[in-house]
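Some notes on the structure that comes next.
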Amino acid sequence: MIHYVTITSQGQITIPVSLRRKYSFTKASKAILMEEKDQLILKPETDILSLQGIFKTKKKIPFRKVRQAFEEALARGEA
Numbered sequence: 001m002i003h004y005v006t007i008t009s010q011g012q013i014t015i016p017v018s019l020r021r022k023y024s025f026t027k028a029s030k031a032i033l034m035e036e037k038d039q040l041i042l043k044p045e046t047d048i049l050s051l052q053g054i055f056k057t058k059k060k061i062p063f064r065k066v067r068q069a070f071e072e073a074l075a076r077g078e079a
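Structure follows, in structure tokens:
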């Protein structure tokens, strides 16, 4: 299916509602935009913040410390 979008003067596009619903995009959603050959590819991406609290543990670790460690691992290419 083809969807036509308009690019605003600020370089923004609106994703059609049918696609937002299909791929569960919300206001706070993150996505990856990739260029392959002559195409732009938009893929939904899970934000690390949305994973907060999914693991149960008795050990308390400040979330900021966890996020900082994750971002450092990303910068080193380990995650």
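Following the UniProt record's numbering, the numbering of the sequence shown begins with 1 at its first residue and continues without gaps.
Even for Gly, the Cβ is constructed at its ideal location relative to N, Cα and C.
Between E45 and A31, the C-beta spacing is below 8 Å.
Between the alpha carbons of I41 and A69 lies a distance of about 29 Å.
Only residues of its own chain outside the window of five on either side were considered, and among them none has a CB closer than 6 Å to the CB of F55. Shown here, Q68 sits in a helix according to DSSP, grouped into three states. Under the three-state reduction of DSSP, A28 is assigned to coil, being neither helix nor strand.
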